[in-house]
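K.L.:
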Amino acid sequence: MNVKKEFILSGGKVADPFSGVEAKRDIGVKNGKIVDPKSLKKAEKIDVSGKIVAPGFIDLHVHLRQPGNSAAETIETGTKAAAAGGFTAVVAMPNTSPAADTAAAIEYLNYHAGRSGVVKVFPCGCMTKDIAGTEMAPIGSLKNAGVVALSDDGKGIQNHELMKHIVEYAKALNLPILDHCEDENLKGDGVMHEGVWSTLLGMKGMSPASEELMVARNIIFARMVDWKIHLQHLSSKESVEQVRAARKRGIPVTAEATPHHIALTDECIKKFDTNYKMNPPLRSEEDRKALIAGLADGTITVIATDHAPHTPTAKLVEFDYAPFGIIGLETAIPVCLKELYHSGVLSISDFVAKFTSGPAAVLGLDDRGLKPGNAANITIIDTERKVKIDANKFYSKSRNTPFNGMTFKGKAVATIVDGKFVFNEL
Ligand SMILES: [Zn+2]
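Everything in the sequence shown is counted per the numbering used here, starting at 2 for the first residue and increasing by one.
1. Of all the beta strand (DSSP E) runs that stay within the bounds of the stretch 47-81, which reach a length of 3 or more residues?
2. Taking C-alpha atoms, which residue in R369, N280, D391 lies nearest to P18?
3. In this structure, how does DSSP classify R250 when only helix, strand and coil are distinguished?
4. Any heavy atom of ligand 1 within a distance shorter than 7 Å of the CB on Q159?
5. What is the rounded straight-line gap between the Cα of L65 and the Cα of N96?
6. Under 8 Å, with one C-beta from each stretch per pair, do the stretch 17-31 and the stretch 355-365 reach the 3-pair mark?
7. Below 7 Å, is the gap between the Cβ of H181 and the nearest heavy atom of ligand 1?
8. Would you check if the stretch 321-339 and the stretch 164-178 touch, i.e. whether three or more CB-CB distances between them fall below 8 Å?
9. Closer than 6 Å by C-beta to K14: which residues in its own chain qualify, once you throw out the five before and the five after it? Chain order, please.
10. Kindly list the residues whose CB is nearer than 8 Å to the CB of E287, restricted to its own chain and excluding five residues on each side of it in sequence; keep chain order.
11. On a Cα-Cα basis, can you pick out the residue from L110, T408, P209 that is closest to E185?
12. Below 8 Å CB to CB, which residues in the same chain sit around S50 once its five sequence neighbours on both sides are set aside?
13. When we look at the beta-carbon of G251 and count the other beta-carbons within 10 Å, is it buried (16 or more) or exposed?
14. When every heavy atom of ligand 1 is checked, does at least one fall within less than 7 Å of the C-beta of G141?
15. Tell me the residue span of the beta strand (DSSP E) that contains E7.
16. Grouping DSSP H, G and I as helix and E and B as strand, with all else coil, what is V244?
17. Identify, in the order they occur along the chain, each residue of the same chain with its Cβ nearer than 8 Å to the Cβ of K43, setting aside the five sequence neighbours on each side.
18. Mind checking whether the beta-carbon of G134 lies closer than 7 Å to any heavy atom of ligand 1?
19. Tell me whether P124 sits in a helix, a strand or coil according to DSSP, three-state version.
20. For H161, count neighbouring C-beta atoms within 10 Å of its own C-beta (all shown protein chains included) and say buried if the count is 16 or more, exposed if not.
21. Rounded to the nearest angstrom, what separates T402 and K39 at their Cα positions?
22. Going along the chain, which residues of its own chain have a beta-carbon closer than 8 Å to the beta-carbon of S98, five neighbours each way excluded?
23. Would the stretch 74-81 and the stretch 116-130 be scored as touching if the rule is three or more Cβ pairs under 8 Å?
24. If we count the other Cβ atoms within 10 Å of its Cβ and call it buried at 16 or more, is D102 buried or exposed?
25. Take the Cβ of P1 as the centre, count every other Cβ of all protein chains shown within 10 Å, and call the residue buried at 16 or more, exposed below.
26. Distance check for C182 and I107, CA to CA, integer angstroms please.
27. Count the CB pairs spanning the stretch 262-270 and the stretch 192-199 that are closer than 8 Å, and state whether there are at least three.
28. Here's a check: name, in chain order, each residue in its chain whose Cβ is nearer than 6 Å to the Cβ of I59, leaving out the five neighbours to either side.
29. Using DSSP with H/G/I as helix, E/B as strand and the rest coil, what is V192?
30. Of the choices T302, I158, Y322, whose alpha-carbon is the least far from that of K278?
31. In this structure, what does DSSP give as the bridge partners for D383?
32. Compute the distance between the beta-carbons of I417 and N378, then report whether it is under 8 Å.
33. Using the C-alpha atoms, what's the distance from H308 back to K46?
34. Bridge partners for G295 per DSSP, in chain order?
35. State yes or no: is the C-beta of D274 nearer than 7 Å to some heavy atom of ligand 1?
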């Protein structure tokens, strides 16, 4: 892609939640860093008037599938999809095959991300060996290898004593925990949300209590150990209520919502399309509204995609047999602009915060705002550009999205990583 040594993003509206700036302002970039535009004499001026200029978006929850399932995604295609979706960094979930439970697995990821990744890849290590939930992974050596967090995503640790132990070690190592909250007994072999629609459709339901119990467990441990537990892909109203109450008490829990859980409900399953099958499942309209209310009042500080690629052959089976998960990197901004910004729920700065300062705070990253001296990681959004989702044009290797064919208003039009345009539709 085009490499420019120095340039000025001119005439755009800066929305920077790190500094609180929401104003028309020029941004200078030189040698990969943000600089005062007045210090640049020969820089190329790039007209971004009418666009939103934001700090680089971070996705806390991405499955890159390499190693183990390169037919569905690779580090290269996944990070290209991230760039096209407006993300300058992704946190790679460790449930690859083999799982990222050793320093060697993290070195593998860092090596390939360095060679073929087009955005930053932050590695996340396992909490337990092979995500089996029975024995703690060597998290000290994972930390030394460069993981930014720990997670057993895809599964929840069922043994509470082991979980508490891991939270204590994670605190000692200054690593946040990203937890997939699920009680396996209550989830059973359900395939969709347990409610009116599962009854009508005759499908096995997954009780929201499966999530709510583990949210409660995690809040207890975050309080007892006084350590950061981030709750992944929150889906139920009662989970949101628990997080709201815990945060009011100062307990260090944070939570994320996915674009699909704030845009869709379990009623969609009546189409029997496996692109509506994910875990946690799409829940009721009441749950969906509670997630949006949680985003509006700051209970939920992060939007993460849970980008979960699957090949067409894996998904083209009966609903009961299809794997859980959908891709989300290239649809997140259009879907969320519709549900949260154009609908008037969030201001543009509050919208940007869910993808920038929110995830940065979870990871304990330093100020990544658009101030001179910082790395030039920038996401430029056109909130008004019409976009029709065409899965066949995705950079992702996979096509499993329920949003194919839908029309939205607004998208990322440029993504800049360390001063380099990795996606440009300006
Ligand atoms: Zn998960």
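Every residue, glycine too, gets a C-beta built ideally from N, C-alpha and C.
P.N.:
Short version:
1. 53-56, 58-63
2. R369
3. coil
4. no
5. 9 Å
6. Under the three-pair Cβ rule at 8 Å, the stretch 17-31 counts as touching the stretch 355-365.
7. yes
8. no
9. K25, I53
10. K238
11. P209
12. S11, G12, G13
13. exposed
14. no
15. 7-11
16. helix
17. E7
18. no
19. strand
20. exposed
21. 44 Å
22. P68, G69, N70
23. yes
24. buried
25. Within the shown structure, residues of the chain are numbered from 2 to 427, placing residue 1 beyond reach of any answer.
26. 24 Å
27. At 8 Å Cβ cutoff, the stretches touch.
28. Excluding positions up to five away in sequence, the list reads A90, P360.
29. Three-state DSSP puts V192 in coil, outside helix and strand.
30. Y322
31. K412
32. Judged by their CB atoms, I417 and N378 are nearer to each other than the 8 Å cut-off.
33. Roughly 35 Å separates the two Cα atoms.
34. According to DSSP, which records beta bridges pairwise, G295 is partnered with nothing at all.
35. no
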